[in-house]
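Going by my numbering, the letters in the sequence shown line up with residues 234 to 331, in that order. For every residue, glycine included, the Cβ atom is placed at its ideal position computed from N, Cα and C. These numbers come from a predicted model, not from an experiment.
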Amino acid sequence: MIDMLPYANYIIADKGYDSEAIREQVRGRNSIPNIPRKSNSKVGNDDIDWCLYKYRHLVENTFEKLKKYRAIATRYDKLKANYESMVALACIMCWLPM
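So, in structure tokens, the structure goes:
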């Protein structure tokens, strides 16, 4: 799945993706892995940019807000265009109160 991503300077993931195989695959794409180590890891978190990692939380919150719309969470629409339209409409509804 990492090979299908477009090029990015950093690849940010949570602790569930803490493995050297994934880190080497990201480095092989000339990207920098920004993945925190698990608590039982023998290597510390010295290579993490915590300021950049905090932005991952914003993305997770956006997905959480979108999933409150049942049509998006369960994907009622069969066609891609209709589903994309519902996602756009839900994003607008989340953005309007700001």
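Within 8 Å, strictly: CB atoms of residue i and residue j
i, j, result
"residue 251", "residue 274", "yes"
"residue 286", "residue 266", "no"
"residue 264", "residue 246", "no"
"residue 308", "residue 302", "no"
"residue 305", "residue 321", "no"
Contact set for residue i: own chain, Cβ-Cβ below 6 Å, skip 5 residues either direction
i, result
"residue 235", "258"
"residue 260", "none"
Residue i to residue j span [Cα, whole Å]
i, j, result
"residue 256", "residue 293", "21 Å"
"residue 225", "residue 283", "The requested residue 225 does not occur in the structure, where the chain is confined to residues 234 to 331."
"residue 289", "residue 330", "22 Å"
"residue 328", "residue 243", "27 Å"
"residue 300", "residue 253", "32 Å"
"residue 359", "residue 279", "The displayed coordinates of the chain run from 234 to 331. Any statement about residue 359 would go beyond what the structure contains."
Beta-carbon contacts of residue i that lie in its chain and below 8 Å, excluding the five residues immediately before and after
i, result
"residue 276", "270"
Same chain, Cβ closer than 7 Å to residue i, five either side skipped, listed in chain order
i, result
"residue 397", "In the structure as shown, the chain begins at 234 and stops at 331. Residue 397 is therefore absent and cannot be evaluated."
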